[in-house]
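Read the structure below first, then the notes.
Residue numbers (our numbering), protein chains in the order written: chain A, 502 to 1035; chain B, 3 to 602.
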């Protein structure tokens, strides 16, 4: 039988969904003529429709090469390559499609995904945007765009992108909670605005009427703590959260960590800590798990970050529910109380056991802290203003992501600060007398504390929302409230006067010791007492 | 005639018939309410108010001509209050609703209605407080969120207002109105990129007009040489910035080549409305027309080019443009960004406001750049004379732009300039400054930037145009806003001899002042950064002679420039429209030929 005849039989079988016949016939043709384009195309189609994806992918490369104009082969092979994490190959196929047939939303989206996988964020951001130009309600593209913008540190744009996403995913709680978190930590919400957001989130997403009954604590000497951890900055996890949890679990109490982020960090916890990997649990299942574990005090260290379980917390997971450190200042559910309200005096703890030794910053270098995940425009604007007034000074930034560093350089450049005045080097840091500029929009208590401990003089100001008030607590604890400035203009003036030689005393080792900011046992006692009193 | 039948008549809009039927039945709370609704829907304002007053007097005296229960009385009172608020008796509306809220403090709807009445009464702070109360009770009320957003935006807190509109839109994602408000206000925020605005606009278009297509009007006879029928549609044909930019065209356009029709949705007509009417070949008061009725009229009148002067601003008729009633549909003035509608094929602009190749991809319209600018201005006839400056050594800065245009970026510029010129004050004048919240917000923002309150002069009085313009005699340098520049404010300032310093951005809205300043050879006043802005202001502050010279010559300069050369503008306008018309005719001819060839 001639090839054309067999080929048409194969095509007929394909149309009749008889994929095995299709595959068999085309295999015969290919064995006689290994570069038969149509046979490869039809076989690929057969394998694909039979859901034999890996086999389809194996022959898909050659099928695409032999059939460069086949939309079916190119598109589906590209999808298979993406699934198989072969983004470069997928990109080539998709670009070929677009060049031949023009831009279409699904191709653009997949191309953007592929480029993201190879780390080409500029291209992927532009291509996700282009996808949305064609299909404004493409929610996956909207999510990817928002996530990419967040990863590269373009905070204001990421917030707007998440805001757009929640229009498309109006019933999807995480889309709303991510927006609220980002907006709050970047001071994009007023206090009343945050209240309204939380109230609305609660109204929409927290089931009404369903509550587990609370019970009295059986034994306050031996408590079961649950710690709900979401997408937390790694330095907070290593230097604040894990030491406390370990301390409690090595004492009389039981500590269970409910891990809600992607990769579990077993390395930071002692063996006495129980770890439950729970992202896949529904809120109801998670609630049942916590109740089953008989948690006395649930400590939420997530707020509205990725991994948020505020809906579950609204069901009442434990006798007492506390929010600590990572929240936005408010909870959507009234069943969680931020513990910061219950400390009698400002209480922060930052471990120094993992404090890396660094070389001292050279003179005439300001140390900007709290920029690991990027900086908001307000901070960049303010720091740029200071640098413009100090033309022979430079700025050290503690961001370690190359993507974030690049966007920071671009953004400072727009404000007239060239990249040679910026230093990105995590082997050097503040020393005695270094002027340390606090990220006054989204405080990082670990970086701020460590810079102060190394002798730095912090320039700080209080923000309207909790994420911009952590440094206030830190300075109060260290007895350095005079380092707080009342306004942005005051912040700039103080930095300039310090640069001009105005006197200011570093915090001594003794003062640090007396403040308790490094004393884990005192902090854990205070923490425990505050939890019991809440 | 039973109640159900009357309700059906009301539902289909047969108010006349419903009124007749209602008159025949026995008086009752139900009947009175229906009569009130009819009169209101029919726009019979005096009759409606008369009836409302009559009913209100029953409530005040406590004596009703028919039995009622509490619920009926309260509902009636609420409706009366709504009418009072709408028809200019907002004080009475506030009294009614205040009492109702005190009786039932946990009803969110009452607080919302009270807020509406307070807004009509210009008590914005109290309205804001009532809306916050309503949202505490009912956080998922989209309408409340939107009402609050409106107050926040207009009182200068655009980012907070944007957030409220965003909540409203997320609560009703299929309601295009909230998304439209969101995209409109996105133009005022420096956090909005051109691309983000475009994306949001396209989302709105996909929801509001999913069938919207380009070039779907093909049925008009393609005669490139005939006199064209052009029409302008707006609700702002009155003492309003749009009118001052349209009048020059109406005065100078060649009537032998163009027939000009005006569709006026203006509700409050004044002398300017009358002038525009006189200058139109055909004028229609369409303020009471539904979209369908206006669409029929436009179709009957065979309009060739229909101009949208609103974009997404309040009072727009974009729904009409989606019907593609005219072969050429053109966006002009009124709105700084794309409409997002493919059925609006063109937008008039110029090379400075929209440099070639920079932002074209963010417009669904094709940008038609007029050679000497897309603006032509006619100042008010009763503009006062310019008085010599008498600043007594203090440099007086000023801005009379809307508070919603005062963004964080704007405040950075202004603060930097005031720090650079320590012997200066800043005067802001806007009716929204009667809001204590607005004033406090501005004072706090400027204080945060190092500007003490005693350097600020905040005025909120509403004035007639002549008095308003006379205020410029107390200003030495005007500060522009960014990213949404002033247009008429910039022109008025220049007409009154006061130079304007502006920060130029990347969007159309942030480049309009640059196009104005360039046309009077003051392009140097359009700066590129906060530092430059402050530097320019400082230089101008130090050059007393230059300022005096500008004060005495700016009016002449403006009058002699392209900005007021209505003949030149009209010719360029006509050329552009004619060219678009010829293109359209050519496309139709080519299509016809193609069809003939295919059928052969």
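Ideal placement from N, C-alpha and C gives every residue a C-beta, glycine not left out.
Could you tell me which residues DSSP puts in a beta bridge with residue i?
i: residue 165(B); result: Answer is none; residue 165(B) lacks a bridge partner.
i: residue 728(A); result: 758(A) and 800(A)
i: residue 1029(A); result: DSSP, once it has assigned bridges, lists no residue as partnering residue 1029(A).
i: residue 893(A); result: Answer by DSSP bridge pairing: none, since residue 893(A) is not bridged.
i: residue 791(A); result: Its beta-bridge partners do not exist; DSSP assigns none.
i: residue 504(B); result: 528(B)
i: residue 839(A); result: 824(A)
i: residue 265(B); result: 235(B) and 286(B)
i: residue 201(B); result: Answer is none; residue 201(B) lacks a bridge partner.
i: residue 665(A); result: In the DSSP output, where bridge partners are listed per residue, residue 665(A) has none listed.
What does the Cβ neighbour count give for residue i, buried or exposed, with the cut at 16 atoms within 10 Å?
i: residue 626(A); result: buried
i: residue 714(A); result: exposed
i: residue 1015(A); result: exposed
i: residue 48(B); result: exposed
i: residue 219(B); result: buried
i: residue 180(B); result: buried
i: residue 712(A); result: exposed
i: residue 897(A); result: buried
i: residue 637(A); result: buried
i: residue 396(B); result: exposed
i: residue 71(B); result: exposed
i: residue 211(B); result: buried
i: residue 864(A); result: exposed
i: residue 229(B); result: exposed
i: residue 473(B); result: buried
i: residue 356(B); result: buried
i: residue 829(A); result: buried
i: residue 417(B); result: buried
i: residue 269(B); result: exposed
i: residue 892(A); result: exposed
i: residue 505(B); result: buried
What's the gap between the Cα of residue i and the Cα of residue j?
i: residue 183(B); j: residue 911(A); result: 32 Å
i: residue 607(A); j: residue 590(A); result: 17 Å
i: residue 859(A); j: residue 870(A); result: 15 Å
i: residue 187(B); j: residue 698(A); result: 19 Å
i: residue 413(B); j: residue 223(B); result: 54 Å
i: residue 691(A); j: residue 453(B); result: 22 Å
i: residue 94(B); j: residue 831(A); result: 39 Å
i: residue 549(B); j: residue 176(B); result: 53 Å
i: residue 862(A); j: residue 336(B); result: 54 Å
i: residue 539(B); j: residue 951(A); result: 43 Å
i: residue 475(A); j: residue 1007(A); result: Missing from the structure shown is residue 475(A); chain A here goes from 502 to 1035 and no further.
i: residue 197(B); j: residue 406(B); result: 21 Å
i: residue 105(B); j: residue 136(B); result: 15 Å
i: residue 128(B); j: residue 703(A); result: 26 Å
i: residue 768(A); j: residue 844(A); result: 30 Å
Just checking my contact of residue i with residue j at CB under 8 Å: how many whole Å lie between their CB atoms?
i: residue 754(A); j: residue 790(A); result: The pair is not a contact, with the Cβ atoms about 19 Å apart (cut-off 8 Å).
i: residue 718(A); j: residue 842(A); result: Actually they do not touch by this definition, with Cβ atoms about 20 Å apart.
i: residue 247(B); j: residue 377(B); result: 6 Å
i: residue 677(A); j: residue 667(A); result: 5 Å
i: residue 189(B); j: residue 511(B); result: 5 Å
i: residue 285(B); j: residue 266(B); result: 7 Å
i: residue 540(A); j: residue 530(A); result: 4 Å
i: residue 364(B); j: residue 200(B); result: 4 Å
i: residue 807(A); j: residue 731(A); result: 6 Å
Do the segment 434-441 of chain B and the segment 509-522 of chain B meet, that is, are 3 or more Cβ pairs less than 8 Å apart?
Contact fails between the segment 434-441 of chain B and the segment 509-522 of chain B, because fewer than three Cβ pairs, one in each stretch, are under 8 Å apart.
Is the segment 636-649 of chain A in contact with the segment 602-617 of chain A, if contact means three or more CB pairs nearer than 8 Å?
Judged by pairs of C-beta atoms under 8 Å, the segment 636-649 of chain A touches the segment 602-617 of chain A, as three or more such pairs exist.
Determine contact between the segment 250-259 of chain B and the segment 291-299 of chain B, defined as no fewer than three beta-carbon pairs at a distance below 8 Å.
Taking one beta carbon from each stretch, the segment 250-259 of chain B and the segment 291-299 of chain B have fewer than 3 pairs nearer than 8 Å; the two do not touch.
Count the CB pairs spanning the segment 875-891 of chain A and the segment 758-770 of chain A that are closer than 8 Å, and state whether there are at least three.
No, the segment 875-891 of chain A is not in contact with the segment 758-770 of chain A.
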